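First up is the structure itself, then whatever we jot down about it.
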Amino acid sequence: MLKTFKHHTHSMNKITVARISLLACAALANLWFAGCMPGTGAPSVPAVVTPSLHPSGSITVWSWNIAAKSLMRLIPGFNKLYPDVKVNVDMTGAQMQTRLMLSLACGVGAPQVSQLQLTDTPHYIDTGRLADLTPVAAQLRNSFPDYLWENCEKNGHVYAIPWDTGPCAVFYKRDIFQKYGIDPNKIDTWADYIQAGEEILRKSGGKTKMLPLGLDSLENMYLIILQQVRGQIFDEQGRIAINSKASQEALAIIKEMREAGICSDVQMFSQEFMAGINDNSIATYPSAVWLAGTIRDTTKDYGLGKSRWGVFRLPAVTKGGLHVANFGGSVLVIPAQCKNKAAAWAFIKYALCSRKGQADQYRNFDLFPAYLPAQKMPQVTEPDKFFGGERVGVLFARDISKISKLNITPDWAEASTYIEEALSDWAANGMHNRNFFGNLEIRMQRRLGDSISPQSLSYSENNG
Amino acid sequence: MKNEAESQWRRDIIKYRHFYLFISPFFILFAAFSLYPVLFSLFLSFMKWNGLTQWKWVGLGNFTSMLYDDILWRSLWNTLIIGLLYIPPMMILAFIFAQVLNAQWLKLRAFYRAALFLPCVTPMVVIAIVFSLIFSSEKGVLNYAIMGVGHMLPFLHLKPIPWLESESWSKTSVAILVVWRWTGYNMIIMLAGLQGIPTEYYEAAMVDGAGMWERVKSVTMPLMRPTFAFCGLLSLLGTVYMFDEIFVLTNGGPGVSSMNFGLYLFNLSFTDFKFGYASCVAYTVAVAVFFITLAGLRITRQREEAK
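Respectively, the protein sequence lines represent chains A and B. Sequential numbering from 878 applies to the first sequence in this note's numbering. Sequential numbering from 176 applies to the second sequence in this note's numbering.
Below, the structure is given as structure tokens:
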């Protein structure tokens, strides 16, 4: 009987051998991933945008969620000025930027106007496939803050227009602060903030944490504090400058926060993060202005009193230090392949370079205007009922010109992966600071191939 | 002679041209969508190219870069751990389900089969939403259950598990999702394997006085070995190139604690746009997987022959 089994097993084995061989070949299928590329071709000369008094035709704009809705809301106003331009805002959703990059590489398929994250903009400018906006946009230079505009330029040419910016502050729950006797006006530094957090934690019996700060949010917090102490990841020449006193200061504050036990270990926009907006598990959300939109949206279904929320300025690192930092923000660009650049520019100009266009976007969708004249519009400066009548727009606009510019390089996304991974590892394994940034700097140098900045601590150590 | 053979060959082609025409679509498509990308990516492995600028020959530069790419090594390590975490329980469960659903006495078998197969045809986005609710550390149903057990059995000192927030648990969360999603698929393959075993063998074993466990051990298991090997291989490839489960559940995080090779390769290609380096990594790992598969196959064969 056993022999029969063996014979049967052998014949099945032959079939399996054939199948397995086929499958092994199928392993090569992953090569498609990297191999099925769009055609190459010499980089095209970036087309220059020239304005037209009477643009016409139709344009497509690629954008995502709230930002896209905000643009859609502007179309009727735009069409009053430019009735011959038909605007189609395409909320293309997931992996939009990747698809844009592929369209740029192929030379076809890109929209006439596209949104980009500010931090990705230099990477896309570096491709040489974006239209040169210098002739129409150069005169707008002083209407935008330096920390945004300088990341939209390359070699003195303008390739992107800043849209919204993400000045930071702390959103807090008034009722929790009142209940535990915390005065937000007395929170001046991060040390004060941590102390208040400890008090809330103690008085609430450990139920209310001060802020959400999961492993994936550490990089955001690090970058916010780094700007406050005028630190950099890369220097002006794109060399790695992360190993600095400023970085160490930022890390020390994060360590203090986590050690105090005031951080809720939740991922940004996870279930707990969102639930914390409505319950008492989290007292404050230090973040950028655009989070206000999420808070308004999340609380409206719960019928809570609208005055429950307030905003106070970002704590400084030391007394008298900077209370400002930027987190997020996006831009609009015109791909060089766009055939109707005049219409595309007319739309960008209306949406981003007009006081009304930008101010309306803040009122409707909490997109804080990068266009400085718009920050003085009533839509921005008026009291905000949701935040108990506070002039929130004024608070966010205060000292905005003092925000320290982060030097964003084309390598930023890859560098960011390394920083996020290192911080997450650091927090998960006991937060030992010993040469944290020195090691990170070496790893970044090996992968990115960038040199080390003379500003780096290791550079000065190695060079006496 | 040679010329004669050649002209004969030509004559044959002309004579059977219609047949060649009929089979040509496959070869054209294969050449355009399979052969060309594979060869092109081999070429790219020696280049530095971001898809937009002119490519630059770097020789073996990409291969040496791999040695220093600690995120690549971590992603390969994660791939191995995730595989070890999910493949054994998935195979055992799939086998048990297949055995049960193969039983003649079970009613509504078609319904159960469909129900168990359903997860692998459910859209991943839906699964991700449901699982992020299940894995939620403070509001999740899984932690709710754990705490429920903890209340009943306080000596166990159970605490809520940070499924998606902790570096040490993120891989386990991915493994749980994968077990849930792919057990039904493997079960169907195993069911086919079980149904391929002639009932006479079981009858003969029963006549010989074999009990249920004996029958499984001496009849089912040896005959199912090729099926197990097939499922194992599918799972191995599935682990290396797994993408959507991780992309939507953790996106490789926290940090890169749950980033597997598939996601890493995607990021390298379509976030960092390092097509040359991505091709090099893809080729190296594909060749490694090929040889591992070959080695596994040889070992299985040798074992069979030894018997």
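Just so you know, even glycine gets a beta-carbon here, dropped at the ideal spot from N, CA and C. As the structure is a computational prediction, the values presented were derived from the model and not from experiment.
Could you spell out where the alpha helix (DSSP H) holding residue i opens and where it closes?
{"i": "Lys946/A", "result": "942-958"}
{"i": "Trp1303/A", "result": "1289-1305"}
{"i": "Ile1002/A", "result": "998-1002"}
{"i": "Trp355/B", "result": "345-370"}
{"i": "Val926/A", "result": "Here Val926/A belongs to no alpha helix (DSSP H), and DSSP marks it neither H nor E."}
{"i": "Pro263/B", "result": "245-277"}
{"i": "Asp1060/A", "result": "Here Asp1060/A belongs to no alpha helix (DSSP H), and DSSP marks it neither H nor E."}
{"i": "Leu472/B", "result": "450-481"}
{"i": "Glu1076/A", "result": "1067-1080"}
{"i": "Cys406/B", "result": "396-415"}
{"i": "Asn1155/A", "result": "1148-1155"}
{"i": "Gly1353/A", "result": "Residue 1353/A lies beyond the range of chain A shown here (878 to 1341); nothing can be said about it."}
{"i": "Lys1342/A", "result": "Because chain A spans 878 through 1341 in this model, residue 1342/A falls outside it and cannot be assessed."}
{"i": "Asp1276/A", "result": "Counting along the chain, Asp1276/A falls outside any alpha helix (DSSP H), and DSSP gives it neither H nor E."}
Assuming residue i is part of the beta strand (DSSP E), what are its boundary residues?
{"i": "Thr1161/A", "result": "1161-1165"}
{"i": "Gln1360/A", "result": "Absent from the model: residue 1360/A. The displayed extent of chain A is 878 to 1341, so no value can be given."}
{"i": "Ile1038/A", "result": "1038-1050"}
{"i": "Phe1189/A", "result": "1186-1190"}
{"i": "Asn965/A", "result": "962-968"}
My guess is that residue i and residue j are in contact by the Cβ rule of under 8 Å, so how many angstroms apart are they, rounded?
{"i": "Ala836/A", "j": "Leu1103/A", "result": "With chain A represented from 878 up to 1341, any question about residue 836/A goes unanswered, as that position is not in the structure."}
{"i": "Gln1144/A", "j": "Asp1065/A", "result": "That pair is no contact at about 29 Å."}
{"i": "Ile1139/A", "j": "Leu1088/A", "result": "7 Å"}
{"i": "Val1166/A", "j": "Cys1029/A", "result": "Contact flag wrong, Cβ pair sits at about 20 Å."}
{"i": "Tyr1024/A", "j": "Asn1203/A", "result": "6 Å"}
{"i": "Val1194/A", "j": "Trp1067/A", "result": "6 Å"}
{"i": "Ala1247/A", "j": "Asp1041/A", "result": "6 Å"}
{"i": "Gln1214/A", "j": "Val985/A", "result": "7 Å"}
In angstroms, rounded to a whole number, what distance separates the CA positions of residue i and residue j?
{"i": "His193/B", "j": "Phe208/B", "result": "24 Å"}
{"i": "Leu1199/A", "j": "Phe422/B", "result": "37 Å"}
{"i": "Asp244/B", "j": "Val456/B", "result": "10 Å"}
{"i": "Ser197/B", "j": "Ser182/B", "result": "The sequence shown places Phe at residue 197/B, not Ser. Roughly 23 Å separates the two Cα atoms."}
{"i": "Lys449/B", "j": "Gly437/B", "result": "15 Å"}
{"i": "Met241/B", "j": "Leu412/B", "result": "21 Å"}
{"i": "Ser1328/A", "j": "Phe1111/A", "result": "10 Å"}
{"i": "Glu1133/A", "j": "Ile1211/A", "result": "44 Å"}
{"i": "His1309/A", "j": "Ser1281/A", "result": "28 Å"}
{"i": "Asn1306/A", "j": "Met434/B", "result": "18 Å"}
{"i": "Leu977/A", "j": "Ala987/A", "result": "6 Å"}
{"i": "Arg1116/A", "j": "Lys314/B", "result": "44 Å"}
{"i": "Ile302/B", "j": "Gly427/B", "result": "17 Å"}
{"i": "Pro1044/A", "j": "Leu1249/A", "result": "13 Å"}
{"i": "Ala904/A", "j": "Gly1091/A", "result": "With a pLDDT of 42 at Ala904/A, under the threshold of 50, the predicted position of this residue should be treated as unreliable, and no value is reported."}
{"i": "Met878/A", "j": "Thr374/B", "result": "Low confidence applies to Met878/A: its pLDDT is 36, below 50, so where it sits in the model is not reliable, and the reading given next is rough at best. Rounded to whole angstroms, Met878/A to Thr374/B spans 13 Å at the Cα level."}
{"i": "Thr446/B", "j": "Met222/B", "result": "18 Å"}
{"i": "Thr475/B", "j": "Leu398/B", "result": "13 Å"}
{"i": "Ala461/B", "j": "Val213/B", "result": "11 Å"}
{"i": "Gly323/B", "j": "Glu1149/A", "result": "20 Å"}
{"i": "Arg478/B", "j": "Gly471/B", "result": "11 Å"}
{"i": "Ser1335/A", "j": "Gly1315/A", "result": "7 Å"}
{"i": "Ser1330/A", "j": "Glu1113/A", "result": "9 Å"}
{"i": "Leu995/A", "j": "Gln1235/A", "result": "17 Å"}
{"i": "Leu440/B", "j": "Ser250/B", "result": "9 Å"}
{"i": "Tyr377/B", "j": "Gly384/B", "result": "10 Å"}
{"i": "Ala1299/A", "j": "Met1321/A", "result": "11 Å"}
{"i": "Gln1109/A", "j": "Asn1120/A", "result": "9 Å"}
{"i": "Phe202/B", "j": "Tyr261/B", "result": "38 Å"}
{"i": "Lys1063/A", "j": "Asp1069/A", "result": "8 Å"}
{"i": "Arg390/B", "j": "Leu339/B", "result": "42 Å"}
{"i": "Phe465/B", "j": "Gly1005/A", "result": "39 Å"}
{"i": "Ile1159/A", "j": "Asn225/B", "result": "43 Å"}
Inset, instruction - Would you check if there are 3 or more beta carbon pairs closer than 8 Å linking the segment 1027-1035 of chain A to the segment 1000-1013 of chain A? - result: yes
Inset, instruction - Kindly confirm or deny that the segment 928-942 of chain A and the segment 1220-1235 of chain A touch, where touching means at least three C-beta pairs closer than 8 Å. - result: yes
Inset, instruction - Spell out a yes or no on whether the segment 301-310 of chain B and the segment 345-360 of chain B are touching, meaning 3 or more CB-CB pairs, one atom from each, closer than 8 Å. - result: yes
Legend entry - Inside the segment 287-335 of chain B only - alpha helix (DSSP H) runs reaching at least 4 residues: 299-310, 316-327
Inset, instruction - Tell me the start and end of each unbroken beta strand (DSSP E) in the segment 1192-1234 of chain A that is at least 3 residues and wholly inside, in chain order. - result: 1203-1210
Inset, instruction - Assess, as a yes-or-no matter, whether the segment 1259-1279 of chain A is touched by the segment 989-1006 of chain A under the definition of 3 or more beta carbon pairs within less than 8 Å. - result: no
Legend entry - contact_flag[the segment 390-403 of chain B, the segment 354-372 of chain B] where n(CB pairs < 8 Å) is 3 or more: yes
Inset, instruction - State whether the segment 315-335 of chain B contacts the segment 215-235 of chain B, with contact taken as three or more CB pairs (one from each stretch) at a distance under 8 Å. - result: no
Legend entry - contact_flag[the segment 266-274 of chain B, the segment 332-340 of chain B] where n(CB pairs < 8 Å) is 3 or more: no
Legend entry - Those runs of the alpha helix (DSSP H) which lie wholly inside the segment 1082-1117 of chain A and span at least 4 residues: 1095-1105
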